[in-house]
Amino acid sequence: MGAERSNHKADTGLESPRPRRWRWKLLLWLPLLFVAGSVLQVAVLRFVDPPMSTVMLLRYGEALGEGDWSYRLHYQWRDLDQMAPSLPISLVAAEDQRFPQHNGFDLKAIEKARDHNARGGRLRGASTISQQVAKNLFLWQGRSWVRKGLEVWYTLLIETLWPKSRILEMYANIAEFGDGIYGAQAAARQYWNKDAARLTPAESARLAAVLPAPRRYNAAKPGPYVQRRAAWIQRQARQLGGAGYLGED
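Counting with full-length UniProt numbering, you get residues 1 to 249 for the letters of the sequence shown.
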């Protein structure tokens with residue numbers, strides 16, 4: 001009789017509901033596991049310095065995929081108090097002047113960028129430093145709704161679990177300042193053979209000036225664009241109030 005029942009199920013295409021229930025449970029648990037895992041990930045990185053970022057790892061894989069076996073990543077972590085005070089304020093002046101005030105998303109900058117782009121011409125972005133940390137540290141390059149959604153999620157986590165000083169410290173360490181050159185310390189060593197603590201205001205401004213296209217521009221040998229932008233960044237940093245604008249977190 002048991003064999004007959006099994007044959008009957010096979011013949012009629014009936015399947016036990018138990019495997020289906022497990023599949024549904026798995027689908028329900030996956031989002032919860034992702035939420036818990038990402039929260040833990042961000043919480044740990046508040047105190048632990050990352051050995052590398054996702055962008056670094058992907059760039060290294062890209063170079064090897066192109067057959068560039070000599071490619072090297074230059075990355076040396078430095079705490080914020082081991083960097084020249086002119087560097088953090090230069091980054092804020094260049095990339096996100098409302099960084100101390102917003103909660104991860106600068107709605108005013110988004111509105112201005114949208115109006116500017118609607119008029120045509122060169123596209124303008126409105127990503128905050130917090131968003132850029134989320135993209136560089138956890139995600140991949142490109143445009144898709146999935147990646148944008150993850151960027152929003154990680155930005156919210158970063159702003160919730162980290163102080164502003166940690167966000168800025170992370171950005172100064174994982175931002176790309178040249179092909180394979182990540183972070184202010186590696187950039188200072190590669191370009192001027194000095195530590196990030198000894199960067200001058202002009203050098204800090206030049207590093208911030210190349211961020212829109214770090215593989216195209218060179219902070220050590222600045223062309224007209226980098227020179228103009230670096231001068232503008234220094235003026236903006238002074239108008240914001242210098243390093244004191246960032247305050248103590």
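Cβ atoms here follow ideal geometry from the backbone N, Cα and C, with glycine treated the same way.
Cβ-Cβ distances below 6 angstroms link GLU176 to TYR182, PRO214 in the same chain, with the five nearest sequence neighbours on each side left out; the list follows chain order. If you check the CB distance, ARG206 and ALA219 come in under 7 angstroms.
For TYR60 and SER130, the gap between their C-alpha atoms comes out near 24 angstroms.
Taken atom to atom, the span from the alpha-carbon of ALA36 to that of LEU168 is near 24 angstroms. Taking each of SER53, ASP79, THR155, ASP49 in turn and checking the Cα distance to GLY180, the smallest one comes out for SER53. Here DSSP, grouped into helix, strand and coil, assigns TYR225 to helix. Burial of ASN136 is indicated by the presence of at least 16 other C-beta atoms within 10 angstroms of its C-beta.
The distance from the Cβ of LEU211 to that of ALA94 is about 6 angstroms, consistent with a contact at the 8 angstroms cut-off. Runs of the beta strand (DSSP E) lying entirely within the stretch 128-203 and spanning at least 3 residues, in chain order: 176-178. For MET56, the enclosing alpha helix (DSSP H) starts and ends at 54-65. For the pair LEU199 and TRP140, the CB atoms are not nearer than the 7 angstroms cut-off. For the pair LEU157 and VAL42, the CB atoms are nearer than the 7 angstroms cut-off.
Straight across, the Cα-Cα distance linking ARG78 with PRO50 is about 11 angstroms. Distances from the CA of LYS164 to each of SER127, ARG21, PRO88, PHE34 were compared; the closest alpha carbon is that of PRO88.
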